[in-house]
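Engineer: I am attaching a structure below and will ask some questions about it afterwards.
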Amino acid sequence: MAQISHVKTLQRREFMRRASALGLSGVAAPWALNLAAIGEAAAQAAPTDYKALVCIFLYGGNDYGNTVVPYDTASYSSYAAIRQSIATPRAQLLALSPKTALPDGRELALAPQLGPLKAIFDAGRLGVLLNVGTLVQPTTLAQYKAQSVPLPPKLFSHNDQQSVWQASNPEGATTGWGGRMGDVFLNANGNATFSCINVSGNAVFMAGQQAVQYQISSSGAVAINGITKPLYGSQACSDALRSLITAPRSHWMEQELNRVVSRSVSAQSIVSSALGGLAALKTPFDSANSLAMQLQMVAKMIAARSSLGAKRQVFFVSLGGFDLHDFLPDQHPGLLSNVANAMGSFHDALIEIGAINQVTAFTASDFGRTLSSNGDGSDHGWGSHHFVLGGAVQGGRFWGQAPVVAVNGPDDVGQGRLLPSTSVDQLGATLASWMGVPASDLSRVMPQIANYSQKDLGFFL
Amino acid sequence: MLAQGYAIEANRSSFVGADNSIWRKLISSPDQLRQRTVLALSEILVVSMNGLPVAWRGFVTAAYVDWLEMHAFGNFRQLLEAVTLSPAMGVYLNMRGNKKEDTATGRVPDENYARELMQLFTIGLVQLNLDGSPKLGSDGRPLETYQQAQISELARVLTGWEFDNAQASDPGYARRPMVHIASRFSPGAKKVLDVDVPASADGPAALKLALDTLFNHANVGPFIGRQLIQRLVCSNPNPAYVQRVAAVFNNNGAGVRGDLKAVLKAILLDDEARKAPSGDAGGKLREPVQRFVQWARTVGLSSPTSLWNVGNLSDPATRLGQSPLRSPSVFNFFRPGYVPPNSLLGSNAVTAPEFQLCNESTVAGYLNYMQSVIQNGVGELKPSYTAHLVLANDASALVDHWALLLAASGLSAANLNAIKAAVASVAASTDAGRLNRVLATLLMVMASPEYLIQK
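Just so you know, the protein sequences line up as chains A and B, in that order.
In this note's numbering, each residue's number is its place in the first sequence (first place is 1) plus 12.
In this note's numbering, each residue's number is its place in the second sequence (first place is 1) plus 48.
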């Protein structure tokens, strides 16, 4: 019953499109024909150009201190004194020369493994976002200490802060800002299924009120062998299998399961045919790097944007292993190297397919970490530095305020846990505005944005 | 693992043998309920092969499973202590090597185990009523159980622990609880929640006080009880069911707290477990590992070499998208509070943890993998259907047979009939035809939504 009333709230054309995407109209439909017709219909709607956002989520809480490192001698010596054995030697760092210098003689450098990102920074297509984190509203250290303003729930907890980053609410949240952006643009896309595409595993970031995340593997959409070919030699069994796994059900869990299968089946034929028509990417991606393989699939899907009827898309990829309470000096460099190489290849591929100005990728993570060392690693923190990459970005610059490098300093809530000076709400609103979300819809995407006077961080050209 | 000769130098930095040992137990060990409970516990007190950079890591993993097995029907307090002092958990959440603060360098104790011991293994983030619902403050928001400062305090309590005589040439330490090194222990008075740990308490005494305090917290019964229900029976248990189980956790009837045998009995013999659920939100999505193990046990999968080379089934596109003791993080494959978005489950706030693994890739990966293994087995592990070929002459009886064994006859008449009709259309005049009937029956039953949603 709830389904029917839900449908009433959707426009008819959108319902038709979603019905197709959800497999309600039968999965054996001639998809290529449907697609062409739908694509044509959608062309009448705004927008006509193509844009995509790519969220690169670093699961576990990236250590900001060893990613974007204080470089001017005064700050570096504070950093080295605080971090002790987990500090990176200054001589190994990649000093950044921004187009606009930071105030007070502050300088920052990238970790030695981030060479590919430095090159993109130098080319003006990578910006560094300083001290971003979850907030409810602008918050001073005094307000934090007095608990006089609302704070994000369950700070420093992995699963909850992942969820707050992605969805503004702790674990159990059901919509995230990537998905809510997808809601705004469902009408723009020829096939709503391809509005929010996840290459990494279910993430609340990608779930909207209506937009449903579509999961694709790094090697493409997975066909179900038992229904694409006779099952153990029997077409009748294959047909029965198809019906069993795609028929609507009344039990909510059975219905959800079969809905996912139906979407898998219908999208797979479209994706496989769209990707099959592409020339192979010349840009190399490291097949041993899981993040690189995910971003390669994103690049392929973007290359196939026309045949998928896509105008506005949100993608999600991820890399885990950042929760380095121990082994930070051993393991963090390898992770950073994978991030930089994957993003470097993705950047090159976007240039190759002519989409560099239409795609913006950004990093995100549960939280930053402490600046203090616990001997071999760092603990859960809050604010963190992040990267934003693309031809539409005013790169070669720092955005936001560089935090003072100190324990018990003006930006520290304890052991070098940064009180964020820029909020995820502001970051999300800036990205949403670039995507074309109208100002009137911003609070639909980022519900807390009304709490901030600065709603656009200004890092787009 | 020693008996299979895995303790050789070449395996010192690998997990070789760990998957084998885990699959052997899950598939062939006769104490099925214990194995099922161990799998459940391994998804609450999580240790994962993704994150054990230590010598003899395969042995460390297998020893951890042994400890879960040893205490699965024992007392939660002893289980908690065994887990805390296991080299596996010591490495995974870094209590091993955790040292006292150093005021000269600013180094502070590692907070990882302190945090997750409270958040995930005992009390959780918010204060709970006996039925698992959150206690609310005057502002209507859930009351938190602790603050960051209390994590930092507990981290000091948990300093000083180290492997017991770890030798590069010998995996033996994997089976020995960690030992305490007094010189690394944080001096002075400490606190565990609001309980004082006097400066006079040495490391082991302080740990005992910490574990006792957390174990006796009123949250543990509903917090752990609800998760065990979710792992064993249903995704979204009624509060009254949680309350009945939590009450048994608090007191097994003989005045004992934390008696897991009594808790399991209360979970499995409860009316809500024994009766088919009413309504559209009952039951649970069987997790992929469970489906595979159930198939393997039901068809009597065996390992001619005794090596049980099933391997790592984590690949979401080509295997199960899940493999025991290989969770991506300490937050398990899925969270107890996961609510599938964009669904009737979501709009009705129904928790359904296993759906966190369910997406367009994994549903296809599962069906393809099962299609292959039902026919071919896994490497040397071959299913034998010879005894079932006679039954295959009667499609109806064949389908009923497997629907009973795999789905407790939970398939609707409509779906049973559809499967029977399809199976009956396969000629049964040869053994090859009869075998195809068996294979197709197995896959179709295991693909049915009424099988996959266990009720």
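Using N, Cα and C, we set each Cβ at its ideal position, and we do this for glycine too.
Closer than 9 Å between beta carbons: that is the criterion. Which residues of the stretch 185 to 200 of chain A meet it against chain B?
Structural biologist: So the list reads 185, 186, 187, 188, 191, given in the order they occur along the chain.
Engineer: Given a cut-off of 8 Å, decide if residue 96 of chain B and residue 375 of chain B are closer than it, judged by their beta-carbon atoms.
Structural biologist: Their beta carbons are under 8 Å apart, which means residue 375 of chain B touches residue 96 of chain B by this criterion.
Engineer: Does chain B have any CB closer than 8 Å to the CB of residue 305 of chain A?
Structural biologist: No, no contact with chain B.
Engineer: Residues in the same chain with beta-carbon distance under 6 Å from residue 183 of chain A, minus the five sequence neighbours each way, listed in chain order, please.
Structural biologist: Answer for residue 183 of chain A: 171, 172, 175, listed in chain order.
Engineer: Run down chain A in chain order and give the residues with a C-beta less than 9 Å from the C-beta of residue 147 of chain B.
Structural biologist: Under the 9 Å cutoff, chain A gives 386, 387.
Engineer: Would DSSP call residue 461 of chain B helix, strand or coil?
Structural biologist: It is helical.
Engineer: Could you give the DSSP three-state label for residue 382 of chain A: helix, strand or coil?
Structural biologist: If DSSP states are grouped into helix, strand and coil, residue 382 of chain A belongs with coil.
Engineer: What is the DSSP secondary structure of residue 149 of chain B, reduced to helix, strand or coil?
Structural biologist: Note: residue 149 of chain B maps to coil in three-state DSSP.
Engineer: Near residue 254 of chain B, which residues of its chain fall below 6 Å by C-beta distance, leaving aside the five closest residues on each side in sequence?
Structural biologist: Cβ within range, chain order: 205, 245.
Engineer: Please identify the residue among A:69, A:82, A:379 whose C-alpha is closest to the C-alpha of residue 146 of chain A.
Structural biologist: Ranking A:69, A:82, A:379 by Cα distance to residue 146 of chain A puts A:379 first.
Engineer: Using the rule of at least 16 other Cβ atoms within 10 Å of the residue's Cβ for burial, across every protein chain shown, is residue 424 of chain A buried or exposed?
Structural biologist: The residue in question, residue 424 of chain A, is buried, as its Cβ has 16 or more Cβ neighbours within 10 Å.
Engineer: Residue 360 of chain B by DSSP, collapsed to three states: which one?
Structural biologist: Note: residue 360 of chain B maps to coil in three-state DSSP.
Engineer: What's the gap between the Cα of residue 165 of chain A and the Cα of residue 187 of chain A?
Structural biologist: Going from the Cα of residue 165 of chain A to the Cα of residue 187 of chain A covers about 16 Å.
Engineer: Going residue by residue through the stretch 356 to 438 of chain B, where are the continuous alpha helix (DSSP H) segments of at least 4 residues, counting only ones entirely within it?
Structural biologist: 392 to 395, 408 to 424, all fully within the stretch 356 to 438 of chain B.
Engineer: If distances are taken between C-alpha atoms only, which option among A:158, A:330, A:402 comes closest to residue 350 of chain A?
Structural biologist: Comparing Cα-Cα distances from residue 350 of chain A to each of A:158, A:330, A:402, the minimum goes to A:330.
Engineer: Give, in chain order, every residue of the stretch 143 to 173 of chain B whose Cβ lies closer than 8 Å to some Cβ of chain A.
Structural biologist: So the close ones are 145, 146, 147, 153, 154, 155, 156, 157, 158, 159, 160, 163, 167, 173.
Engineer: Beta carbon of residue 325 of chain A, beta carbon of residue 209 of chain A: below 8 Å?
Structural biologist: Their beta carbons are under 8 Å apart, which means residue 325 of chain A touches residue 209 of chain A by this criterion.
Engineer: At the level of alpha carbons, what is the spacing between residue 457 of chain B and residue 492 of chain B?
Structural biologist: Those two C-alpha atoms are separated by around 14 Å.
Engineer: Give me the chain A residues within the contact set of residue 379 of chain B, using Cβ-Cβ distance strictly less than 8 Å, ordered along the chain.
Structural biologist: Simply 170, 171.
Engineer: Looking at C-alpha atoms only, which residue of A:219, A:370, A:229, A:158 is the closest neighbour of residue 413 of chain B?
Structural biologist: The residue with the shortest Cα to Cα distance from residue 413 of chain B is A:229.
Engineer: Decide yes or no for the touch test of the stretch 193 to 209 of chain B against the stretch 140 to 147 of chain B: beta carbon pairs closer than 8 Å, at least 3 of them.
Structural biologist: A contact exists between the stretch 193 to 209 of chain B and the stretch 140 to 147 of chain B.
Engineer: My guess is that residue 431 of chain A and residue 141 of chain A are in contact by the Cβ rule of under 8 Å, so how many angstroms apart are they, rounded?
Structural biologist: About 15 Å separates the two Cβ atoms, so there is no contact after all.
Engineer: Mind checking residue 309 of chain B: buried by the 16 CB within 10 Å criterion, or exposed?
Structural biologist: Classification of residue 309 of chain B: exposed, given that the 10 Å Cβ count is below 16.
Engineer: Give a yes or no on whether the C-beta atoms belonging to residue 206 of chain A and residue 361 of chain A are separated by under 8 Å.
Structural biologist: Result no, Cβ atoms of residue 206 of chain A and residue 361 of chain A do not sit closer than 8 Å.
Engineer: Can you give me, in chain order, the residues of the stretch 455 to 481 of chain B that have a beta carbon less than 8 Å from any beta carbon in chain A?
Structural biologist: Here the close residues are 463, 466, 467, 469, 470, 471, 473, 474.
Engineer: If you measure beta-carbon to beta-carbon, which residues of the stretch 269 to 299 of chain A are closer than 9 Å to chain B?
Structural biologist: Against chain B - using a Cβ distance shorter than 9 Å - the residues of the stretch 269 to 299 of chain A are 269, 270, 271, 272, 273, 275, 276, 277, 279, 280.
Engineer: Residues in the same chain with beta-carbon distance under 7 Å from residue 444 of chain A, minus the five sequence neighbours each way, listed in chain order, please.
Structural biologist: Excluding positions up to five away in sequence, the list reads 193, 454, 457, 458.
Engineer: Counting only the same chain and skipping the five closest in sequence on each side, list residues whose C-beta sits under 6 Å from that of residue 448 of chain A.
Structural biologist: Taken in chain order, the residues that qualify are 59.
Engineer: If the criterion is Cβ atoms closer than 8 Å, does the pair residue 162 of chain A and residue 408 of chain A meet it?
Structural biologist: No, the pair does not count as a contact, with Cβ atoms beyond the cut-off.
Engineer: Judging by CA-CA distance, which residue of B:442, B:93, B:53 is the nearest neighbour of residue 383 of chain B?
Structural biologist: Residue B:93 is the option with its Cα nearest to residue 383 of chain B.
Engineer: What's the call for residue 311 of chain A, buried or exposed, on a 16-neighbour Cβ count within 10 Å?
Structural biologist: Per the 10 Å Cβ criterion, buried.
Engineer: Just to confirm, are residue 306 of chain B and residue 123 of chain B a CB contact at a threshold of 8 Å?
Structural biologist: Going by C-beta atoms, residue 306 of chain B is nearer than 8 Å to residue 123 of chain B.
Engineer: Look at the Cβ atom of residue 245 of chain A, then the Cβ atom of residue 484 of chain B, and state whether they are nearer than 8 Å.
Structural biologist: Closer than 8 Å, so yes.
Engineer: Taking a cut of 8 Å between CB atoms, which residues from the stretch 87 to 120 of chain B lie near chain A?
Structural biologist: Within the stretch 87 to 120 of chain B, the qualifying residues are 98, 99, 101.
Engineer: Please identify the residue among B:395, B:230, B:269, B:435 whose C-alpha is closest to the C-alpha of residue 292 of chain B.
Structural biologist: Here the closest residue by C-alpha is B:269.
Engineer: Touching or not, the stretch 103 to 111 of chain B and the stretch 53 to 64 of chain B, by the rule of three or more beta carbon pairs under 8 Å?
Structural biologist: Yes: the two stretches touch, three or more of their Cβ pairs being nearer than 8 Å.
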